[in-house]
Amino acid sequence: MLVSNKHKAVNTRSLSVISSSFLRRNHQHEHQLQQKRTILGLIPAVDKRLYRMAKGVMPPISKTEQVALGCGTIGFDREIFSGSPSLKNLVDTYEAKLSQEEQAFLDNQVNKLCSLLNDHDISVNKDFSKEAWDYMRDEQFFAMKIPKEWGGLEFSTHAVSQVLSKLATHCFDANATVAVPNSLGPGELLVRYGTQNQKEYFLPRLADGTLIPCFGLTGPHSGSDATSLIGSDCTVQKRNGELGVLASFNKRYITLAPVAGVVGLGLNLFDPDNLLDGVGAE
-14 MLVSNKHKAV NTRSLSVISS SFLRRNHQHE HQLQQKRTIL GLIPAVDKRL
36 YRMAKGVMPP ISKTEQVALG CGTIGFDREI FSGSPSLKNL VDTYEAKLSQ
86 EEQAFLDNQV NKLCSLLNDH DISVNKDFSK EAWDYMRDEQ FFAMKIPKEW
136 GGLEFSTHAV SQVLSKLATH CFDANATVAV PNSLGPGELL VRYGTQNQKE
186 YFLPRLADGT LIPCFGLTGP HSGSDATSLI GSDCTVQKRN GELGVLASFN
236 KRYITLAPVA GVVGLGLNLF DPDNLLDGVG AE
């Protein structure tokens, strides 16, 4: 009986060693296969030829696109394009958390606005009720990305996303109406690039809802691709010692245009006389 138990113990240890060895070899084999993985699963030479063919068909990256790519940062998208994304890095790096102020806004003002929205009536009337418009203005739904020093709420991007997600469950028109001033609208552009006089005039009025912003990008011959604008041009000129631009454009399909007091425009800027001396070329 003792011999039998020893024999079983030896067999168990042997199986354990064999199993561990097999798992290591299998893992190494899978790792090697992963390292050899190609674009389409074909041999590398064929993949390279297909890649060159596709590259020749694709349009070249424009200067504006190169600038945009250079201005961006690398986040979780790097994991995705690696082919083996790791959620651990995403969890360890990003903490999507609302502040107490942001959570209170979501629980109170957003819920209140949702109660004022009747999606059917809005679709039929093609407008919000006066009560809904006034509430969005008074509670600064159009000023979530404007700093507090200018009268805004200065919410995080995550908070704005949560607000828009909740509004979309009740009325997509409300979602778009609130999204534009907090994304495409000129508010954040003025914060980053406006002169002091422009900030002092526009930002408080945008924050309290006196002015509603919109963004004109789409034209008759070009869509929402900001790098391929057609017929939307402006030329830098100097008159009476002051620099300005002479703009020529034709826009359509501009969300909030009928009620907007500030319009941001997507234009191609030309400086043939180098009056800007290269400033803004980036």
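FYI, in our numbering the residues of the sequence shown are -14 to 267. Note that CB positions come from ideal geometry on N, CA and C, so glycine has one too.
Can you pull the DSSP bridge partners for K220? Reading the sequence as shown, one finds Thr at residue 220 and not Lys. Looking at the DSSP assignment, T220 forms a beta bridge with L231 and F255.
Buried versus exposed call for V176 [16 or more other C-beta atoms within 10 Å across all chains shown]: Taking all protein chains shown into account, V176 has 16 or more neighbouring C-beta atoms within 10 Å of its C-beta and is therefore buried.
Kindly give me the distance between the Cβ atoms of V247 and F157, rounded to whole angstroms, as I take these residues to be in contact under 8 Å. In this structure V247 does not touch F157 by the C-beta definition: roughly 23 Å separates them, more than the 8 Å allowed.
How many Å lie between V42 and K33 at the Cα? If you take the alpha carbons of V42 and K33, they lie about 14 Å apart.
7 Å CB neighbourhood of L241 in its chain, flanking five on each side removed: The residues are T162, V165, I197 and C199.
Excluding the 5 residues flanking S141 on each side, which residues of the same chain have their C-beta closer than 8 Å to its C-beta? Same-chain partners within the cutoff: L83, S84 and E87.
Does S141 come within less than 8 Å of chain C when only Cβ atoms are used? Looking at the structure shown, chain C is missing, and only one protein chain is on hand.
Between L194 and F126, what straight-line distance do the alpha-carbon atoms span, to the nearest angstrom? Correcting the residue type first, residue 194 is Gly in the shown sequence and not Leu. Linking G194 to F126 through their CA atoms gives a straight-line distance of about 8 Å.
Is the distance from the Cβ of L101 to the Cβ of A89 below 8 Å? Contact: no.
If you pair each beta-carbon of the stretch 132 to 151 with each one of the stretch 204 to 216, do three or more pairs fall below 8 Å? No: fewer than three Cβ pairs fall under 8 Å.
Going by the beta-carbon positions, is the gap between T203 and F255 smaller than 8 Å? By the CB criterion at 8 Å, T203 and F255 fall outside the cutoff.
Residue burial classification, Q181 (beta-carbon count within 10 angstroms, cutoff 16): With fewer than 16 other Cβ atoms from the protein chains shown falling within 10 Å of its own Cβ, Q181 counts as exposed.
Hey, how far is the Cα of G251 from the Cα of H206? G251 and H206: Cα-Cα distance of roughly 14 Å.
Secondary structure at C199, three-state DSSP: helix, strand or coil? Strand, per DSSP.
Inter-residue spacing [alpha-carbon to alpha-carbon] between K223 and M129: Going by the C-alpha atoms only, they are around 37 Å apart.
Should V148 go down as buried or exposed, given a rule of 16 or more other Cβ atoms within 10 Å for buried? Result: buried.
Would you decide whether Y120 is buried or exposed? Buried here means 16 or more other CB atoms lie within 10 Å of its CB. Around the beta carbon of Y120, 16 or more other beta carbons lie within 10 angstroms, which makes this residue buried.
Could you spell out where the beta strand (DSSP E) holding G137 opens and where it closes? Following the DSSP letters along the chain, one finds G137 in no beta strand (DSSP E), marked with neither H nor E.
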